[in-house]
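*Asks:* These protein sequence lines are chains A and B, in that order.
Here the first sequence is numbered in this note's numbering, starting from 1136 and rising by one per residue.
Here the second sequence is numbered in this note's numbering, starting from 24 and rising by one per residue.
Every residue gets a Cβ at the ideal spot worked out from N, C-alpha and C, and that includes glycine.
If you scroll down you'll find the structure; I have some questions about it.
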Amino acid sequence: MAGFSIRPCGDFRTTYRQDTRIFDTTYIRNAAILGIFAVAMIPFVLDGYYVNLFIQISYFAIAALGLNILVGFTGQISLGHAAFFGFGAFASAWINNTTGIPVLLSIPLAGLMTAAVGMLFGLPAARIKGLYLAIATLAAQFILEDFFARAEWFTGGSYGAAANPINVFGYEIYDDFSFFYVALFFLVVMYLLGTNLMRTRDGRAFVAVRDHYLSAEIMGINLTKYRLMSFAISSFYAGVGGAMYGHYLGFVSAEGFTILLSIQFLGMIIIGGLGSVKGTLMGTVFMVLLPEVMESGVSALSVFEWASSTAVTDGLAYIKEMAIGLAIILFLIFEPDGLAHRWQQIRAYWKLYPFSY
Amino acid sequence: MNFELLFQLLLNGLIVGTLYGVVAMCFVLIYKSTQIVNFAQGEFLLIGAWVCYAFLVEMQMPFWLGFLFTLLFMMAFGVVLQMVVLRPMIGEPIISVIMVTIGLSIFFQAATKWIFGATTATYPQVFETRSVNLLGMQIETAYIMSFVISLFIMAGFYWFFKYSKLGLAMRATAFDQQVAQSLGISVKTVFAMSWAISALVSGVAGIVIGMVNGVSSALSVIGIKVFPAVILGGLDSIVGAIVGGVIIGLLENTAEFVDGQYLHWGNLFSIAPFYVLIIILCIKPYGLFGTKDIERI
Chain A
1136 MAGFSIRPCG DFRTTYRQDT RIFDTTYIRN AAILGIFAVA MIPFVLDGYY VNLFIQISYF
1196 AIAALGLNIL VGFTGQISLG HAAFFGFGAF ASAWINNTTG IPVLLSIPLA GLMTAAVGML
1256 FGLPAARIKG LYLAIATLAA QFILEDFFAR AEWFTGGSYG AAANPINVFG YEIYDDFSFF
1316 YVALFFLVVM YLLGTNLMRT RDGRAFVAVR DHYLSAEIMG INLTKYRLMS FAISSFYAGV
1376 GGAMYGHYLG FVSAEGFTIL LSIQFLGMII IGGLGSVKGT LMGTVFMVLL PEVMESGVSA
1436 LSVFEWASST AVTDGLAYIK EMAIGLAIIL FLIFEPDGLA HRWQQIRAYW KLYPFSY
Chain B
24 MNFELLFQLL LNGLIVGTLY GVVAMCFVLI YKSTQIVNFA QGEFLLIGAW VCYAFLVEMQ
84 MPFWLGFLFT LLFMMAFGVV LQMVVLRPMI GEPIISVIMV TIGLSIFFQA ATKWIFGATT
144 ATYPQVFETR SVNLLGMQIE TAYIMSFVIS LFIMAGFYWF FKYSKLGLAM RATAFDQQVA
204 QSLGISVKTV FAMSWAISAL VSGVAGIVIG MVNGVSSALS VIGIKVFPAV ILGGLDSIVG
264 AIVGGVIIGL LENTAEFVDG QYLHWGNLFS IAPFYVLIII LCIKPYGLFG TKDIERI
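Written out as structure tokens, the structure is:
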């Protein structure tokens, strides 16, 4: 986000345009473009395990950005994001299977369908906020989960739905190597869209609704419209992320989209930093890598006798879950502004080093 | 119409509903006095039930002693939790507070599964007769006991908030923290005590349900069932919590009856409260007894 970073001394912003630039300096912009190229090299350098992790990060990061637009920028609370993520996965598979629309097109279409569903469940947001909204979205989570298990025409019921691989100009994308580039493309596009959204009138309206909704209303912002819009955009992102997930795995089952995944999404944006686009990505990386790190940590500890006992190895799934809960709690207590804030501090430290005043 | 089944289910609903009411009451207690929404209420039940199980089965204590130790444990647990995790959250935005309790909830759920295993365990038999005959229907003794304990807890709450000094202090704090503090009430103690009481009573509810259904992680689902109940009754009303709990219990069992007899959808009974929840939030967000908050700029 523009507005936080440190610029060279004497570099003042003189116009509003300058203040809202995505990249503060040309150097940062070039570094970001170089960074994307560097990431694009990953499949050539690292092995399949890391490519798979990156793909996971990309679809979760897209959905998490949607949640951050809703929670971090508009100040609404949603506990049902995983259900929308799942809806996108089913919707894309359904569109592709029934109408034959190519997958690359059915992914954004699934996003639009999810946006419509999100608006439906966002309707209570027109009247309620805060805690009440959190509980309403919790209900949405359970209702949609029930719907997944029940609606066989749409989801295949308990058998799940098959999702075709992505087809780009006649190329079937079925392996991780080529899917990586599709994921990277979607990630960059969705993040650019998200960053730009916050520079528009609508984006500023979201922030105004978050900061003081009564003042925002007095200033002429239509609360109902913007709350619903925020729900729609958030669900759109969830839908796109979910659709990618579905087409990546090739199969969508109704069991994967539980409340735990919703909590993980919330964890991503809290750990990353509420109201920060960059932070969302950091938080997602943290949340995806955390179980992997726990797993390798446990296997590294297994040289000790107490750690190689069956209690530890069998309980690995529970240890991972506990780590997620603990990470959320510790971040909220010790670093409520998230990794994005910490990143700024580290940068400020090096910028001013060794004279930190 | 199968009246006998309907009547049996409604009776079930009443008994389960009073238990929901008790748990909802604990939830409201925390919300009212500390303004914290406790998403980990279900895990209190879970922990209470498992700790009691550990005392009774693994340490072979007699029931009354194990029960007493569980009460002490839950009380200490509530106080420690409030001091370590929730005191730093005072004054934080509502999303942080909600997330902290959600984090606690997944942490304790995973921890109990890790320590005690994911399978259902049963308590040793406490009552000699499994069921008694009442008005021509077989009712499990444990159900009757749970109903009696629920009523007893409710009466206890009534006495506590009406007559005891600490209860009055808690009500004063809920009404206005600053005024209460200036009158010499230690708000810190009140916060700690409300978590302690809530954990203790939820623990008792957990043991009671554990006796009927066995102890497993399914107990924590009650913590989610509480939300329809408290929203229906109004978030900050103790009476509302009880009424809401009973209504949700009855509703669930009516839904099961309708589902089983006519619709055959499968699991309407577990999802019906959430449809009701959405409808209430759209029509009457502050519930039956809740106070509508008025905001000034």
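1. Anything in chain A within Cβ reach of Lys248 of chain B, meaning under 9 Å, just list it in chain order.
2. Who are Tyr1306 of chain A's beta bridge partners in DSSP?
3. With a CB to CB cut of under 7 Å and the five nearest residues on each side skipped, what residues in its chain are close to Arg194 of chain B?
4. Taking C-alpha atoms, which residue in B:Gly233, B:Cys305, B:Ile270 lies nearest to Met168 of chain B?
5. Is the Cβ-Cβ distance between Ala1378 of chain A and Ala1224 of chain A less than 7 Å?
6. Per DSSP, which one or two residues make a beta bridge with Phe1386 of chain A?
7. Rounded to a whole number of angstroms, what is the C-alpha to C-alpha distance between Pro147 of chain B and Phe139 of chain B?
8. Quick one, which residues of the stretch 1357 to 1368 of chain A are near chain B if we go by CB-CB under 8 Å, in chain order?
9. What is the residue span of the alpha helix (DSSP H) that Ala295 of chain B lies within?
10. Is the CB of Asp1346 of chain A under 7 Å away from at least one CB in chain B?
11. What's the C-alpha gap between Glu19 of chain B and Cys75 of chain B?
12. Quick one: what's got a C-beta closer than 8 Å to Ser293 of chain B's C-beta in the same chain, skipping five residues either side?
13. Any idea which residues DSSP pairs Ala1167 of chain A with across the strands?
14. Suppose you measure from the CA of Ile220 of chain B to the CA of Phe1490 of chain A; what does that come to, to the nearest Å?
15. Give the residues of chain A in contact with Glu115 of chain B, contact being defined as C-beta atoms less than 7 Å apart.
16. With a CB to CB cut of under 8 Å and the five nearest residues on each side skipped, what residues in its chain are close to Ile77 of chain B?
17. For a cutoff of 7 Å on Cβ pairs, would you count Phe1139 of chain A as touching chain B?
18. Out of A:Tyr1185, A:Ala1475, A:Gly1221, A:Leu1322, which has the shortest C-alpha to C-alpha gap to Met1403 of chain A?
19. Strictly under 7 Å for the Cβ-Cβ distance: is Lys211 of chain B near chain A by that measure?
20. Within the same chain, show all residues whose beta-carbon is closer than 7 Å to that of Ala1389 of chain A, passing over the 5 residues directly before and after it, in chain order.
21. Using the beta-carbon of each residue, which ones in chain A are nearer than 8 Å to Val123 of chain B?
22. Going along chain A, which residues have a C-beta under 7 Å from Lys136 of chain B?
23. Buried or exposed: where does Trp1485 of chain A fall if 16 or more other Cβ atoms within 10 Å of its Cβ makes it buried?
24. On the premise that Leu109 of chain B lies in contact with Ala63 of chain B, defined as a C-beta separation below 8 Å, what is that separation, rounded to the nearest angstrom?
25. Taking C-beta to C-beta, are Ile261 of chain B and Ile303 of chain B nearer than 7 Å?
26. Can you give me the start and stop residues for the alpha helix (DSSP H) that Ile1177 of chain A sits inside?
27. Sorted by chain position, which residues of the same chain lie with C-beta nearer than 6 Å to Ala1137 of chain A's C-beta, five sequence neighbours on each side aside?
28. At a cut of 8 Å, does the stretch 242 to 259 of chain B reach the stretch 33 to 51 of chain B through at least three beta carbon pairs?
29. Are Ala241 of chain B and Tyr1453 of chain A close, meaning C-beta to C-beta below 7 Å?
30. Please classify Lys248 of chain B as buried or exposed, where buried requires at least 16 other C-beta atoms within 10 Å of its C-beta.
31. Output needed in chain order: residues of the stretch 1381 to 1406 of chain A with a Cβ under 7 Å from some Cβ in chain B.
32. With a threshold of 7 Å between beta-carbons, can Lys307 of chain B be considered close to chain A, or not?
33. Within the continuous alpha helix (DSSP H) that includes Arg1262 of chain A, where are the two ends?
34. Within the same chain, show all residues whose beta-carbon is closer than 8 Å to that of Glu279 of chain B, passing over the 5 residues directly before and after it, in chain order.
35. Taking just the CA atoms, how far does Asn1299 of chain A sit from Ile1308 of chain A?
36. Rounded C-beta distance between Ala1218 of chain A and Ala1275 of chain A? I'm assuming under 8 Å.
*Replies:* On the basis of the coordinates in this document:
1. The premise fails here: Lys248 of chain B is roughly 10 Å from chain A at the closest Cβ pair, so nothing lies under 9 Å.
2. A:Val1303
3. Phe184
4. B:Gly233
5. yes
6. A:Ala1297
7. 16 Å
8. none
9. 291 to 306
10. no
11. Outside the shown range of chain B, which is 24 to 320, sits residue 19 of chain B, and nothing can be said about it.
12. Glu275
13. Beta-bridge pairing links Ala1167 of chain A to no other residue.
14. 52 Å
15. Pro1471
16. Looking at the sequence shown, residue 77 of chain B is not Ile but Ala. Closer than 8 Å at the Cβ level, and outside the excluded window around Ala77 of chain B, lie Phe139.
17. Note on Phe1139 of chain A: pLDDT 46, under 50, position unreliable in the model; no value is reported.
18. A:Ala1475
19. no
20. Phe1283, Ala1284, Thr1290, Ser1293, Gly1295
21. Ile1463, Ile1464, Leu1467, Ile1468
22. Tyr1453
23. exposed
24. Not really, about 10 Å apart at Cβ, beyond 8 Å.
25. no
26. 1177 to 1180
27. Only weak support is given to the placement of Ala1137 of chain A: the predicted model assigns it a pLDDT of 40, under 50, and the question is left unresolved by the model.
28. yes
29. no
30. buried
31. Leu1395, Ile1398, Leu1401, Ile1405
32. no
33. Segment: none, Arg1262 of chain A is in no alpha helix (DSSP H) and carries neither H nor E.
34. Leu32, Leu291, Phe292
35. 10 Å
36. 6 Å
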